[in-house]
Amino acid sequence: MIIYSGMKRYILILAAVLLPIIAEAQIKIWDGTSCAAKQVTLTEYLPEGKPIAAIIVCPGGSYHWLDQKSEGAMVAEALAKEGYVAYVLRYRVAGKLEFVSKYRSVLRGHRHPDMICDLQRAIQIVRTRYSCPLGVIGFSAGGHLAMMSAEFFDTNYLEKYKLKPAVSLRPDFAAAIYPVVTMSDDRYVHKRSRLGLLGERYTGKKDLRESLSVELNARADMPPVFILNCQDDEVVDYHNSVLLDSALSSKHVPHHYIQYAEGGHGFGVNPEKYTEETQNWFQEFISWLHNMSF
């Protein structure tokens, strides 16, 4: 009996570890296309019942790397528990080697429009799998990417790969959590994200900076937006979100903006990184979703 009990406990522990892995499906989004970015993936997290909506998660990392845990897998798991089918997008970024070597001053590497191409392709794939509403949530630089999808949905960035989606590339809602927003306002710009997005040879181009500053490209026909950040954010100046809030207000875009005094940056849905204020942010977001008229 002692051996059986120990073995049973071992099996239960092993099952608890393996079940989340078995429940996930990973999709290589560029398979079967002319795009060679085979490392780009969508990882699916399923709810127990019929999904309320589908949500693509864009982790942050200043367009140089991706926080796959606090702003990726943990977010998707939390969304699935709330009844949403979630997809973590591993999109192209400049890379850690670029951060230390600046090799893109010679070679192209990964830069705009690679990131929005990946997200639009993800939207195309998810829309073909589910007929429910589809939204995008992004963190830090991923928040900038989420907002680009909400603003540039009628620009088919996939055309370079000879893809003409038969579905809408416009998300039904977007959420930007402590987002990078401006690429042109030097008072508040997050320079590492701008460098990651544009590359060394293009950061000085004023027209390009402005074309990718999401506060300058807000439009009345955008989907509803959820914004959240903290005043004590030492990574991305909190005025980024203020600029976005003002831009959306000027275009009468339905949106909800929450600004906390303390909480910093990069907490995602990781309880170990929460403050007294930020510990409730995810439920605020879920409440906002529940109030949407899907």
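Take 381 as the starting number for the sequence shown in the numbering used here and just add one per residue.
Think of the CB as a built atom: it goes at the ideal place given N, C-alpha and C, for glycine as much as any other residue.
Note that the structure is a prediction, hence the values are computed from the model and not measured.
For a test of the three-state rule: what should DSSP assign to residue i, helix, strand or coil?
i: residue 444; result: coil
i: residue 488; result: coil
i: residue 482; result: coil
i: residue 649; result: coil
i: residue 496; result: helix
i: residue 455; result: helix
i: residue 360; result: No answer is possible for residue 360: the residues shown for the chain start at 381 and end at 674.
i: residue 508; result: helix
i: residue 654; result: coil
i: residue 533; result: coil
i: residue 553; result: strand
i: residue 558; result: coil
i: residue 434; result: strand
i: residue 674; result: coil
i: residue 543; result: coil
Rounded to a whole number of angstroms, what is the C-alpha to C-alpha distance between residue i and residue j?
i: residue 658; j: residue 510; result: 32 Å
i: residue 629; j: residue 466; result: 29 Å
i: residue 452; j: residue 462; result: 16 Å
i: residue 489; j: residue 574; result: 15 Å
i: residue 431; j: residue 482; result: 43 Å
i: residue 468; j: residue 555; result: 14 Å
i: residue 497; j: residue 567; result: 29 Å
i: residue 433; j: residue 484; result: 38 Å
i: residue 523; j: residue 440; result: 7 Å
i: residue 642; j: residue 660; result: 13 Å
i: residue 474; j: residue 578; result: 9 Å
i: residue 640; j: residue 414; result: 44 Å
i: residue 516; j: residue 588; result: 24 Å
i: residue 666; j: residue 491; result: 32 Å
i: residue 607; j: residue 584; result: 28 Å
i: residue 444; j: residue 611; result: 24 Å
i: residue 638; j: residue 602; result: 19 Å
i: residue 409; j: residue 493; result: 16 Å
i: residue 593; j: residue 442; result: 15 Å
i: residue 545; j: residue 411; result: 15 Å
i: residue 624; j: residue 655; result: 24 Å
i: residue 617; j: residue 499; result: 25 Å
i: residue 427; j: residue 541; result: 33 Å
Please determine, among the options, the residue with the shortest C-alpha to C-alpha distance to residue i.
i: residue 512; options: 476, 492, 552 and 456; result: 552
i: residue 650; options: 432, 532 and 455; result: 455
i: residue 539; options: 501, 661, 460 and 665; result: 501
i: residue 600; options: 661, 492, 506 and 634; result: 634
i: residue 562; options: 661, 471, 447 and 622; result: 622
i: residue 631; options: 605, 645 and 476; result: 605
i: residue 419; options: 447, 443 and 471; result: 471
i: residue 327; options: 559, 592, 602 and 407; result: The shown model of the chain, from 381 to 674, leaves out residue 327, and the question about it has no answer.
i: residue 436; options: 494, 543, 486 and 549; result: 549
i: residue 673; options: 504, 514 and 427; result: 514
i: residue 529; options: 504, 460, 609 and 544; result: 504
i: residue 525; options: 595, 668 and 655; result: 595
Could you pull out every residue in the same chain whose Cβ sits closer than 7 Å to the Cβ of residue i, ignoring the five residues on either side in sequence?
i: residue 457; result: 425
i: residue 477; result: 483
i: residue 582; result: 588
Suppose the cutoff is 8 Å on Cβ atoms and the five residues either side in sequence are ignored; what does the same chain contact list for residue i look like?
i: residue 662; result: 458 and 649
i: residue 328; result: Examination of residue 328 is not possible in this model, given that the chain is present from 381 through 674 alone.
To which residues of the same chain is residue i closer than 6 Å at the C-beta, ignoring the five residues directly before and after it?
i: residue 597; result: 531
i: residue 615; result: 645
i: residue 653; result: 647
Checking contacts by CB at 9 Å: is residue i closer than that to chain D?
i: residue 415; result: Of the protein chains in this structure there is only one, and it is not chain D.
Indicate, with yes or no, if the ligand PLP has a heavy atom lying under 8 Å from the CB of residue i.
i: residue 539; result: As for the ligand PLP, it is missing from this structure, which has no ligand bound.
*At what residue ranges does the stretch 560-641 contain a whole run of the beta strand (DSSP E), taking only runs of 3 or more?*
Given a length threshold of 3 residues, each whole run of the beta strand (DSSP E) inside the stretch 560-641 is given here in chain order: 605-610 and 635-640.
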